[in-house]
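K.L.:
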Amino acid sequence: MQLQYTTAQHKFRHEVRDWMTAHVPKTPLVTLEREDGYHEHVAWERTLASGNWGMVTWPVEYGGRGLDLIEWLIFEEEYWAAGAPARANQNGIFLLGPTIMDYGTPEQKARFLTPMAAGEIIWAQAWSEPGAGSDMAAITTKAIRDGDHYVINGQKTWSSRAAYADWGFGLFRTEEGSKRHKGLSFILFDLDTPGVTRRPIRQLHGDTGFAELFFDDVRVPVENCLAGVGEGWNVAMATAGFERGLMLRAPGRFQATAKRLVELFRAHEKTAAPAVREAVLTAWMGTQAYAYNTYAVAAKIMAGGKIGAEASLNKIFWSELDRMMHRTAMQLLGAAAELRTLGNGEINAWLDGYIFSLSGPIYAGSNEIQRNITAERLLGLPRVGAG
Amino acid sequence: MQLQYTTAQHKFRHEVRDWMTAHVPKTPLVTLEREDGYHEHVAWERTLASGNWGMVTWPVEYGGRGLDLIEWLIFEEEYWAAGAPARANQNGIFLLGPTIMDYGTPEQKARFLTPMAAGEIIWAQAWSEPGAGSDMAAITTKAIRDGDHYVINGQKTWSSRAAYADWGFGLFRTEEGSKRHKGLSFILFDLDTPGVTRRPIRQLHGDTGFAELFFDDVRVPVENCLAGVGEGWNVAMATAGFERGLMLRAPGRFQATAKRLVELFRAHEKTAAPAVREAVLTAWMGTQAYAYNTYAVAAKIMAGGKIGAEASLNKIFWSELDRMMHRTAMQLLGAAAELRTLGNGEINAWLDGYIFSLSGPIYAGSNEIQRNITAERLLGLPRVGAG
Amino acid sequence: MNLLLTPDQLELAESVRTYLAGTHGPDVLRRLDAGPNRDPAIWQGLVDMGLTGLCVPESAGGLGLGLLEAALIAVECGRVCLAEPLVDTAFIAAPLLADAPETGEILQQIAAGTARIALAHPLNPWIADLETATHWLGTTLFPVTRAQAGAHHPPVAASVDPLRNLSPPQETPENPALLNLAALMTAAQLIGLAEAMLQQATDYAKIRSQFGQPIGAFQAVKHQLASAAVALEFARPAVWVAAQALHDGLATAPAAVSHAKIAAGDAATGIAETAIQVHGAMGYTYEVDLHFWMKRSWALTAAWGDRAFHLARLDAAVIGGGIAIGPRHSFG
Amino acid sequence: MNLLLTPDQLELAESVRTYLAGTHGPDVLRRLDAGPNRDPAIWQGLVDMGLTGLCVPESAGGLGLGLLEAALIAVECGRVCLAEPLVDTAFIAAPLLADAPETGEILQQIAAGTARIALAHPLNPWIADLETATHWLGTTLFPVTRAQAGAHHPPVAASVDPLRNLSPPQETPENPALLNLAALMTAAQLIGLAEAMLQQATDYAKIRSQFGQPIGAFQAVKHQLASAAVALEFARPAVWVAAQALHDGLATAPAAVSHAKIAAGDAATGIAETAIQVHGAMGYTYEVDLHFWMKRSWALTAAWGDRAFHLARLDAAVIGGGIAIGPRHSFG
């Protein structure tokens, strides 16, 4: 075990820091969940790409820097320390990108990865359906082969970014009459294809981040199918693995929250409830533990290992930690917690953050599902009974 | 709603207080879980009976005082405030007694209730079997009719008080080949009947409170069957209702614990962890809420109402509150928490109390079962799936 | 000693619940959210029910009922997420003014529904419903001037609750009686909010199916909802006792009020988190009604003394020795 | 920067785990509980494994390994609820003495297993394993006199853990290096204890049937055990990092040690409660082995600085500004 960064890693950290200092917008962008904010965030993606910071771990030929996971963690630490914006292209660079690298044809890689890293094409997720949330294998939206196209009919919902994004990816039933995990294929589609209707869904905070997608005889070329026909479930599980696993939530993000929480506490120390003081310390411990764990997993992967069901432990931990930190902040704000803008005229980011943190234990596989996976795959408890 | 006690109630309170002051042993008795301590506690039961305090709510003809539930609550408040010992006859006076009053024949009432109130006969519970804990309907111990006797063969376990008590009560399968809740009868038996073997079970703390009971052709007269043959399940559910419901745990017991916890906190205030301060306040609020709730339920019953599945809410609440209070005390004791006797030579009652509190969410129907009951009977959620 | 609610009290609460269930459903909340978020017709309905006069002495044209009755109705206001300032005007201002000397015609006006009273206290960084108020009450009663009424454009403080109208605070000294009464009635509304959210989550768990069965059949969902039911069961009586203790002017009333406010706030905010979790992604949308109740719960939990404020009051009482504790002191 | 345990480290831990699993099962704990609770044969086995010399420099006949390796073995000691004072003597006293000037023959004696060193610190109201010790260490090393060795009859302080032998404390000033190292190694043992209890509860949930299926098939049981696994997963790396930071003498080491001690203690005491709940009434008996691990967990969680002590240290570091915090400071 080696707790010191190399000279090269220090040098890289400072390179990131200098670039961020020079480029991170001085005033926070409008929320990504609103159309104006979405476009501000896409512009930021392109600024990142201009500095070749779009996705540092990707191979150089796809617009990455071919850096290792430790360097990625350093990048993320500097990114969040600089207060840089949320990533509009999260779905693409962290989820779809790695999936295409694992399962894509050379043509698909050439076609999709470079514009993804460049922030030219922003991707939306299209997993869930009204009847298929936690139970994703209940998907019914059909993609029926017709010559060199698939004809898609059905509905997706809670599709993140789908309100404004360019392309989408998801699972579709390509084999008529197939059941559950069988007969599903992983298909990429242009959200502007005729027959696709987007209905933005207003979220808790009032803004519209995700959307319903209606497919009415939507024709998608067969070459947009990733991996083999009927292989969709396995490909999706790999993607979900990335999502729950290492890359969806870098430790730096939560360490930045914990630091802001400590500062908020210092400002309200005199009026804070006793347990809040302990919660603030728990927040620091939790975010540090999450960082240690992520550095360890990164090292394991660099040494040729894989993330399996431990990804579920990760997802449970960061989502409940994030909710706890924001809940604690709401307590510290007291009567001001309900205000959308605080006395100083600033947006009450803790309130928006608390609302968003409530979705953490729900999306990317609800924590109930994650605890089932943990119990059954890591602890080997029987599957009998209700999930 | 009336928050003031009547003059009569005040007078009664002082009558109890004076008697307790005069009779409660000055030094704490040895634990009820040891043979010497058991006999000390039985002697205390007889002292109580000598003052006609054995079971104040029972009718006068059975050795009670015919008092109402509010007077019972006042009695319990004074009982716990005086630091009086645990009740060796808990199983009899709070569980079996009320059941006999509801289901017993005049002969059974005359035969069992008076010696029970007098503390002359101490009762053990015999519900569980090795294969029937939470799932009590899985009982297999047989009681087969043979002339004017039942012949009992089988095994009971975790029978509280069975190590030293005089009589036991429990459920037995009187109908051969019957399944689950059917064919069970509620039978009372002398623990010294030939064929009954007691094997005391050593508990977590090392003492032997409960026992295994082995039945080898044990002949019990048919008149020891309470209510109809095959009616056992319903009778047992009524008893369990008493157990989970109003009378097993009077609020005074927990209010006394909360008060001691506040005093412990005052003594360790300087070194206490921040959240412990809040836990102490939560303890006070919780015990007060439990008292309010119990007074309200008592009034409801006095007005002709019944306790139903709300009994499950009670059991969950007091058992988890009691564990939390003792866990908090362990934290306040710090490095001394592990010591069986504290510096002043006194027994570390908080340690014993913590250990005992860990059984609270398990006995009298595990809290998992209670949450199922709450969800299904109070909230009306479907039974489908694993319990 | 009797903690039972009387048949009259239960019947009163029941009648108000029935009325509000019929006239103030989620559709009304969505309508108010879309347009002006106060509606004279709703207010008039409450006046016609006699609710504005609930705590006004019969001599002044009211029903002359007590704080416990008022708290029971405040629960119903929370249950339907009522936006009109009935609780502030009729259950907080009215009882305080009824105890004041010289109140002139104000009590009659409250009973008649022509007076709407906003409440100011240094603990709150805002004042609610000032712009539609005729008066505001701090330590004494003031008429609302046009300037004050207009004070919210600009700038009104925007609450996360789309049906709450907050204006900048009015300078006023502390009024302990106001604080205790307002904290109690806020706790009562939080009970109603919590009960409604538990009901919504339970109803959803019965109809939403995944993996071939209603999600409410899964123990993971059952036990979350059961724990919510436990929290509510033991928060409710703390509110009833606090209401009666305040009504009776018991010395333990302030501690009882702080207990009630903390227990009701914890139940409401905790059940809000349970309810959204049970609703899954649906719960994160504006399309499901749940969000109105969640946001009101967050707002009221921190209003009239947040958790830390009331814990500090309890600390002085329980740890500091301000009140007697232990088995003999269930009620003081 | 590399947080991976090396193959050598994993293999070392694996070999010790295998040895202890084969020689120090629950039957041994019951035997020790019944009779004299220390056994020279067990000690000799640890000596023959070379564990007493793990942290002794090779020049003094040891393996000269570091604190991380020692912590990994301490985990295994916790996993089997080891009673012999290996951790105190070989993983706490030895590294401290190895850094001291003039240590004479003591390091050789530790490696050879002829020295057993008890540890004294003002934070602990007792001293463990004094009666079988040859020396005790506070700020410096003292031989144990017959009087001291006999000091426990009477009075020895009886621990809830039947395999812990506590004697009255020895007067000694604070030794921060001792405290940090002992707190770290205690945290490591707590990880092993927690892992063992989780394993026992999981195994029991697989074989215990109620309502026609293994209780481990019920989501209520699954999710309790899953939450236990989460707590462990994020406590473990805190211990590894603290061990390495202390080994490297980093300025952040004390905060890392306090974090490790709190996280490991919370995991162990929390999993103890989960484990007994999953075992039901069986878990409340002395007949199930679980109680040995629970009691050791309670004892070690409060030893070498209880939760409040280490929280106060973190408070000064994190809130008080003693260390740098935030995304750039994962490791200082």
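Residue numbers (our numbering), protein chains in the order written: chain A, 1 to 387; chain B, 1001 to 1387; chain C, 2001 to 2332; chain D, 3001 to 3332. Think of the CB as a built atom: it goes at the ideal place given N, C-alpha and C, for glycine as much as any other residue. Model, not experiment: these values are computed from the prediction.
From what residue to what residue does the beta strand (DSSP E) around ARG1199 of chain B run?
P.N.:
Along the second sequence, one-based indexing puts residue 1199 of chain B at 199. That run of the beta strand (DSSP E) goes 1196–1200.
K.L.:
What residues of chain B sit near ASN3124 of chain D, judged by a beta carbon separation below 8 angstroms?
P.N.:
On the fourth sequence, position 124 is the one that residue 3124 of chain D refers to. Correct list: ALA1335.
K.L.:
Could you tell me whether the Cβ of PRO1115 of chain B comes closer than 8 angstroms to any Cβ of chain C?
P.N.:
In the second sequence, the residue the question calls residue 1115 of chain B occupies position 115. Answer no: the Cβ-Cβ gap between PRO1115 of chain B and chain C never drops below 8 angstroms.
K.L.:
Using DSSP's beta-bridge definition, name the partner residues of LEU3119 of chain D.
P.N.:
Working through the fourth sequence from its first residue, we reach residue 3119 of chain D at position 119. Note: LEU3119 of chain D sits in a beta bridge opposite D:LEU3137.
K.L.:
How is ALA3324 of chain D classed by DSSP in three states: helix, strand or coil?
P.N.:
For the purposes of this step, residue 3324 of chain D is taken as the residue at position 324 of the fourth sequence. In this structure, ALA3324 of chain D counts as coil in the three-state DSSP scheme.
K.L.:
Using a threshold of 8 angstroms, state whether the C-beta atoms of ALA391 of chain A and ALA162 of chain A are closer than that.
P.N.:
No answer is possible for residue 391 of chain A: the residues shown for chain A start at 1 and end at 387.
K.L.:
Helix, strand or coil, according to DSSP, for LEU3198 of chain D in the structure here?
P.N.:
Taking the fourth sequence and counting its residues from 1, one reaches residue 3198 of chain D at position 198. If DSSP states are grouped into helix, strand and coil, LEU3198 of chain D belongs with the helices.
K.L.:
On the DSSP bridge assignment, give the partners of GLU1033 of chain B in chain order.
P.N.:
In the second sequence, the residue the question calls residue 1033 of chain B occupies position 33. According to DSSP, GLU1033 of chain B bridges with nothing at all.
K.L.:
Tell me whether ARG3307 of chain D is buried or exposed, calling it buried when 16 or more other Cβ atoms sit within 10 Å of its Cβ.
P.N.:
Within the fourth sequence, the letter at position 307 stands for residue 3307 of chain D. When all chains shown are included, ARG3307 of chain D counts as buried.
K.L.:
Go through its chain and collect everything with a Cβ distance to VAL3016 of chain D's Cβ below 6 angstroms, but skip five positions before and after it.
P.N.:
As a working note, residue 3016 of chain D is residue 16 in the fourth sequence. Hits under 6 angstroms: ILE3073 and GLU3076.
K.L.:
Would you say LEU2068 of chain C and MET1237 of chain B are within 8 angstroms of each other, going by their C-beta atoms?
P.N.:
As a working note, residue 2068 of chain C is residue 68 in the third sequence. As a working note, residue 1237 of chain B is residue 237 in the second sequence. The answer is no: Cβ separation not under 8 angstroms.
K.L.:
Taking C-beta to C-beta, are LEU2190 of chain C and THR2089 of chain C nearer than 8 angstroms?
P.N.:
As a working note, residue 2190 of chain C is residue 190 in the third sequence. As a working note, residue 2089 of chain C is residue 89 in the third sequence. Not a contact, by the Cβ cut-off of 8 angstroms.
K.L.:
By DSSP, does GLN1155 of chain B sit in helix, in strand, or in coil?
P.N.:
As a first step, residue 1155 of chain B is located in the second sequence; it is residue number 155 there, counting from the start. Looking at GLN1155 of chain B - three-state DSSP - the assignment turns out to be strand.
K.L.:
Considering only the beta carbon of each residue, do ILE2319 of chain C and VAL1280 of chain B sit closer than 8 angstroms?
P.N.:
Start at 1 with the first residue of the third sequence, and residue 2319 of chain C comes out as number 319. Start at 1 with the first residue of the second sequence, and residue 1280 of chain B comes out as number 280. Yes. Within cutoff.
K.L.:
For TYR164 of chain A, name the three-state secondary structure that DSSP assigns.
P.N.:
Here residue 164 of chain A refers to the residue found at position 164 of the first sequence. Three-state DSSP puts TYR164 of chain A in coil, outside helix and strand.
K.L.:
For chain D, is any of its Cβ atoms less than 8 angstroms away from the one on TRP1158 of chain B?
P.N.:
Position 158 of the second sequence, counting from 1, holds the residue named residue 1158 of chain B. Closer than 8 angstroms: yes.
K.L.:
What does DSSP give as the partner residues of ALA124 of chain A in its beta bridges?
P.N.:
Locating residue 124 of chain A in the first sequence gives position 124, where the first residue counts as 1. A:GLY168, per the DSSP bridge assignment.
K.L.:
Any C-beta of chain C within less than 7 angstroms: which residues of the region 3207–3227 of chain D qualify?
P.N.:
If the cut-off is 7 angstroms between Cβ atoms, the region 3207–3227 of chain D has PHE3218, GLN3219, ALA3220 and HIS3223 near chain C.
K.L.:
Is there at least one Cβ from chain C nearer than 8 angstroms to LEU339 of chain A's Cβ?
P.N.:
Here residue 339 of chain A refers to the residue found at position 339 of the first sequence. At least one chain C Cβ lies under 8 angstroms of LEU339 of chain A.
K.L.:
Please report whether the beta-carbon of ALA211 of chain A lies at a distance below 8 angstroms from any beta-carbon of chain C.
P.N.:
Numbered from 1 along the first sequence, position 211 holds the residue referred to as residue 211 of chain A. No, no contact with chain C.
K.L.:
In chain B, which residues lie less than 9 angstroms from VAL2047 of chain C when you measure between Cβ atoms?
P.N.:
Position 47 of the third sequence holds residue 2047 of chain C. Within 9 angstroms Cβ-Cβ: nothing; VAL2047 of chain C doesn't reach chain B, min ~27 angstroms.
K.L.:
Under 7 angstroms Cβ-Cβ, which residues of chain B neighbour HIS2259 of chain C?
P.N.:
In the third sequence, the residue the question calls residue 2259 of chain C occupies position 259. Chain B residues near HIS2259 of chain C: MET1285 and GLN1288.
K.L.:
For LEU1351 of chain B, which of B:GLY1064, B:TYR1363, B:GLN1370 and B:ASP1322 has the nearest alpha-carbon?
P.N.:
For this step, residue 1351 of chain B is matched to residue 351 along the second sequence. Minimum Cα distance to LEU1351 of chain B is reached at B:ASP1322.
K.L.:
Need the endpoints of the alpha helix (DSSP H) that LEU2020 of chain C sits in, please.
P.N.:
The count along the third sequence starts at 1 and reaches residue 2020 of chain C at position 20. Residues 2007–2023.
K.L.:
Leaving out the 5 sequence neighbours to the left and right, which residues in its chain are closer than 8 angstroms to SER3209 of chain D when beta-carbon positions are compared?
P.N.:
Here residue 3209 of chain D refers to the residue found at position 209 of the fourth sequence. Once the five neighbours on either side are set aside, the close Cβ partners of SER3209 of chain D are ILE3215.
K.L.:
Determine the closest residue to THR208 of chain A out of C:GLU2287, C:ALA2182, C:LEU2181 and C:LEU2010, with distance taken between C-alpha atoms.
P.N.:
For the purposes of this step, residue 208 of chain A is taken as residue 208 along the first sequence, with counting starting at 1. Of the candidates C:GLU2287, C:ALA2182, C:LEU2181 and C:LEU2010, the one whose C-alpha sits nearest the C-alpha of THR208 of chain A is C:GLU2287.
K.L.:
State the Cα-Cα distance for the pair LEU3141 of chain D and ALA1336 of chain B, rounded to the nearest angstrom.
P.N.:
Translated into positions along the fourth sequence, residue 3141 of chain D becomes position 141. Translated into positions along the second sequence, residue 1336 of chain B becomes position 336. Going by the C-alpha atoms only, they are around 25 angstroms apart.
K.L.:
Could you name the residues of the same chain whose beta carbon sits closer than 7 angstroms to that of THR1341 of chain B, not counting the 5 residues immediately before and after it, in chain order?
P.N.:
Indexing the second sequence from 1 puts residue 1341 of chain B at position 341. Counting only Cβ-Cβ distances below 7 angstroms, and skipping sequence neighbours, we find ILE1347 and ASN1348.
K.L.:
On a Cα-Cα basis, can you pick out the residue from B:GLU1045, B:ARG1034, B:ASP1036 and B:PHE1112 that is closest to GLU1061 of chain B?
P.N.:
Here residue 1061 of chain B refers to the residue found at position 61 when the second sequence is read from its first residue. For GLU1061 of chain B, the nearest C-alpha among the options comes from B:PHE1112.
K.L.:
At which residues does the alpha helix (DSSP H) containing GLU376 of chain A begin and terminate?
P.N.:
Position 376 of the first sequence, counted from the start, is the residue given in the question as residue 376 of chain A. Careful: GLU376 of chain A lies outside any alpha helix (DSSP H) and carries neither H nor E.
K.L.:
Run through the region 1060–1134 of chain B for me and flag every whole alpha helix (DSSP H) of 4 or more residues, listed as ranges in chain order.
P.N.:
1069–1081, 1097–1103 and 1114–1117, all fully within the region 1060–1134 of chain B.
K.L.:
Can you check DSSP and say which residues form a bridge with PHE189 of chain A?
P.N.:
Here residue 189 of chain A refers to the residue found at position 189 of the first sequence. According to DSSP, which records beta bridges pairwise, PHE189 of chain A is partnered with A:GLY168.
K.L.:
Would you mind reading off the limits of the beta strand (DSSP E) that contains ASN3165 of chain D?
P.N.:
Reading the fourth sequence from its first residue, position 165 is the one you call residue 3165 of chain D. 3165–3167 is the extent of the beta strand (DSSP E) around ASN3165 of chain D.
K.L.:
Looking at the unbroken alpha helix (DSSP H) that takes in ILE3042 of chain D, where does it start and where does it end?
P.N.:
Counting from one through the fourth sequence, the residue named residue 3042 of chain D turns up at place 42. From DSSP, the alpha helix (DSSP H) with ILE3042 of chain D extends over 3040–3048.
K.L.:
Are the C-beta atoms of THR3139 of chain D and some chain A residue less than 8 angstroms apart?
P.N.:
The sequence position of residue 3139 of chain D within the fourth sequence is 139, counting from 1. By this cut-off, THR3139 of chain D is not an interface position.
K.L.:
List, in order along the chain, the chain B residues whose C-beta lies closer than 8 angstroms to that of HIS3291 of chain D?
P.N.:
Position 291 of the fourth sequence, counted from the first residue, corresponds to residue 3291 of chain D. Residues of chain B passing the Cβ test: LEU1204.
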